[in-house]
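In the working numbering, each residue's number is its place in the sequence shown (first place is 1) plus 195. A virtual CB, placed ideally from N, CA and C, is assigned to each residue, including glycine. A quick note: this is a predicted structure, and the numbers were derived from the prediction, not measured. Please read the structure below before turning to the comments.
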Amino acid sequence: MSRITRSDEDKDLGWDAWGSWSDCSRTCGGGASYSLRRCLNGRNCEGRNIRYKTCSNMECPVEIGDFRAQQCSAHNDVKYQGHTYEWLPVYNDPAAPCALKCKARGKNQVVELAPKVLDGTRCKTDSLDMCISGICQAVGCDRQLGSNAKEDNCGVCAGDGSTCRLVRGQSKTHVSPEKRRYTRSSQLLQKYTFGATQTA
196 MSRITRSDED KDLGWDAWGS WSDCSRTCGG GASYSLRRCL NGRNCEGRNI RYKTCSNMEC
256 PVEIGDFRAQ QCSAHNDVKY QGHTYEWLPV YNDPAAPCAL KCKARGKNQV VELAPKVLDG
316 TRCKTDSLDM CISGICQAVG CDRQLGSNAK EDNCGVCAGD GSTCRLVRGQ SKTHVSPEKR
376 RYTRSSQLLQ KYTFGATQTA
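Set out below in structure tokens:
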């Protein structure tokens with residue numbers, strides 16, 4: 196067996212069993228949990244001693260607010276260069292998406308208040324990818340770490356585009372069996388309303 200084709204089981208040799216999963220880094224909105232294992236023969240083990248998974252994937256209530264914004268505002272009472280500021284989050288930094296960069300209200304200067312955001316913070320506002328240990332990790336629409344699952348044109352995670360149909364040549368709408376009757380009646384109502392508006 197060549198080194199290239201060594202199985203994952205071979206890589207687990209010399210390691211103790213994986214430990215239990217840690218508490219989730221967040222209570223909602225998507226966080227991270229980790230598990231550790233110990234190398235039994237010193238430092239000669241092949242592979243990694245820590246693994247991560249996503250957790251608490253349900254959406255947060257609106258009143259909780261944005262996770263990155265919470266981390267910035269935690270510095271509001273801490274003096275920066277002799278003054279306290281109200282810190283606002285800076286999003287989508289291409290150079291350092293997992294650093295806590297914030298801007299003082301009314302100022303243009305961007306300040307890095309921490310080298311790493313808390314685990315589970317989104318790397319970008321338009322993506323489920325999350326920061327773990329300061330590194331942006333891929334998260335698919337199935338909310339699984341390392342997944343490349345994407346929504347199809349119908350909005351179905353890892354779908355094949357077969358659960359919706361083109362309506363009036365403009366956009367695709369999801370049509371489930373239980374909604375077909377409602378969709379048809381609402382389209383007739385819209386058509387009637389539009390016709391009535393034109394003649395008014």
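query	result
Under 8 angstroms between C-beta atoms of G224 and C255	yes
Where R221 falls, given that 16 or more other Cβ within 10 Å makes a residue buried	buried
DSSP-derived helix/strand/coil call for Q332	strand
Chain-order list of residues whose beta-carbon lies under 6 angstroms from that of T316 (same chain, five-residue window excluded)	F262, R263 and C326
Spatial distance of K311 from L295 (CA atoms)	6 angstroms
For T249: DSSP bridge partner residues	A227
Spatial distance of C331 from L308 (CA atoms)	18 angstroms
DSSP-derived helix/strand/coil call for A290	coil
Cβ-Cβ separation, K345 to C359 (assumed contact under 8 angstroms), whole Å	That belief does not hold up - the Cβ atoms of C359 and K345 are roughly 15 angstroms apart, past 8 angstroms.
Outcome for T320 when other beta-carbon atoms lying within 10 angstroms are tallied against a minimum of 16	exposed
Whole-number beta carbon distance between C250 and S228, since they are thought to touch under 8 angstroms	5 angstroms
Own chain, CB closer than 7 angstroms to G356, minus 5 neighbours either side, in chain order	D347, N348 and C349
Separation of A299 from L283, as counted between CA atoms	6 angstroms
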